[in-house]
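To start, the structure under review is shown below, and the notes come after it.
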Amino acid sequence: MPELPEVETVVRAIRPRLSGRRIVDACFTVPRQLLPQTDRQIRRAIKGQHIRDVRRRGKYILVELQKGVLMIHLRMTGRLYVRPVGQPAHAHERAWFALEDGHELVFRDPRTLGTISYATPKTIDALVGKLGWEPLQNDVDLPTVREKLRTRRTPVKPLLLDQRLWAGIGNIYASEILWEARINPAKAAASLTRQETQRLMAAILDVLSRAVKKGGSTIRDFMGPDGKAGAYQKQFRVYERAGQPCLRCGSKVIRIVQAQRSTYYCRVCQKKR
DNA sequence: CTAAGGACCTGTCGGC
DNA sequence: TGCCGACAGGTCCTTA
1 MPELPEVETV VRAIRPRLSG RRIVDACFTV PRQLLPQTDR QIRRAIKGQH
51 IRDVRRRGKY ILVELQKGVL MIHLRMTGRL YVRPVGQPAH AHERAWFALE
101 DGHELVFRDP RTLGTISYAT PKTIDALVGK LGWEPLQNDV DLPTVREKLR
151 TRRTPVKPLL LDQRLWAGIG NIYASEILWE ARINPAKAAA SLTRQETQRL
201 MAAILDVLSR AVKKGGSTIR DFMGPDGKAG AYQKQFRVYE RAGQPCLRCG
251 SKVIRIVQAQ RSTYYCRVCQ KKR
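Residue 10 in the numbering used here sits at position 10 of the first sequence, and the numbers go up by one each step.
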């Protein structure tokens with residue numbers, strides 16, 4: 001469900017309500033979602049710890065505690081919000097973290113694909129160490145990117161979903177980014193020209209930062225933790241617009257399937273060569 | 001090493 | 001109305 005802009009929106013909303021608070025208890029209902037420890041181990045490890053800060057790395061939400069980090073990944077349908085204890089629950093709530101101040105952090109996830117893990121400074125690298133560049137940091141240069149793409153014969157669209165390159169891009173923004181950069185999603189990553197790679201890097205930064213400014217996208221069930229919907233879905237140029245006119249050239253946007261995921265693009269603006 | 005396909009889950013929607 | 005397949009913001013594992 002959420003990609004970088006949605007995760008960033010969640011983090012910004014919950015950070016002021018969690019920082020400095022103490023976790024007094026935790027409850028988990030789906031053991032499968034806990035990695036790599038058991039519910040009992042995580043519960044014992046985090047109980048009593050103060051929350052120092054809440055940050056994002058790729059699509060991971062990092063709740064930084066005194067002695068370790070609680071890492072939450074929302075996958076497709078996860079949501080995270082803070083509410084006063086005693087308020088009515090929603091369907092599909094899977095985990096709760098009770099705070100000393102009378103609120104609770106709630107993890108809701110209908111499909112139960114999300115994950116919760118607890119890591120210490122010693123073990124965190126195994127979970128987050130393989131993640132690639134942070135798209136909003138904009139701290140990687142053109143030669144470095146070109147070198148990384150040089151050996152990749154895979155189409156560029158599925159490649160954008162590989163979190164080991166840029167961390168945080170998902171299925172919606174991959175299509176949006178390629179439309180913005182005027183690159184054909186089926187083009188082999190290794191065959192991108194210098195100019196195309198440059199446009200790709202610019203589009204990644206541009207599309208994702210604009211989406212963050214709008215509070216992410218709400219298309220099915222993503223919701224800001226305050227119940228507010230994101231607004232970026234109104235700015236989609238190609239995603240879920242198959243059959244509608246391209247906003248640049250007017251020809252029809254088409255949908256194809258790559259690596260079992262939908263891709264949307266304009267055949268005319270995003271020519272292969 | 002890379003690449004492709006299935007697996008993991010539940011909910012919703014459109015067609016017959 | 002009810003059933004069935006397709007599809008959904010993601011990643012991980014197995015196989016070639």
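Cβ coordinates follow ideal geometry from the N, Cα and C atoms, glycine included.
- If you draw a straight line from the Cα of PHE97 to the Cα of ALA91, it is about 17 angstroms long.
- Of the candidates ARG52, VAL145, ARG44, VAL10, the residue whose Cα lies closest to the Cα of TYR81 is VAL10.
- When the five nearest sequence neighbours on each side are left out, the beta carbons in the same chain lying within less than 8 angstroms of the beta carbon of ARG153 are those of ALA188, ALA189, ALA190, in order along the chain.
- Shown here, GLN33 sits in a helix according to DSSP, grouped into three states.
- Here the region 173-186 makes contact with the region 200-218; the two share three or more CB pairs at distances below 8 angstroms.
- For ILE124, the CB contacts under 7 angstroms within the same chain, skipping 5 residues up- and downstream, are VAL69 in chain order.
- Annotation for THR263: the continuous beta strand (DSSP E) segment containing it runs 261-266.
- DSSP links VAL82 through a beta bridge to LEU105.
- In this chain, the alpha helix (DSSP H) harbouring SER175 covers 171-181.
- In the structure shown, ASP139 adopts coil according to DSSP, grouped into three states.
- Annotation for ARG52: the continuous beta strand (DSSP E) segment containing it runs 51-57.
- A straight line joining the alpha-carbon of LEU35 with that of ALA95 spans about 14 angstroms.
- Pairwise C-beta distances place the region 151-165 out of contact with the region 113-124, as fewer than three of them are shorter than 8 angstroms.
- Here GLY168 really is in contact with GLU3; their C-beta atoms are around 6 angstroms apart, less than 8 angstroms.
- With contacts defined as CB atoms closer than 8 angstroms, ALA259 and PRO158 qualify as a contacting pair.
- Closest in C-alpha terms to HIS103, from the list ASP25, ASP109, THR144, THR112, comes ASP25.
- Here PRO31 is exposed: its Cβ has fewer than 16 other Cβ atoms, across all protein chains shown, within 10 Å.
- The beta carbon of LYS272 is closer than 6 angstroms to those of ASN184, LYS187 in its chain, skipping five residues each way along the sequence.
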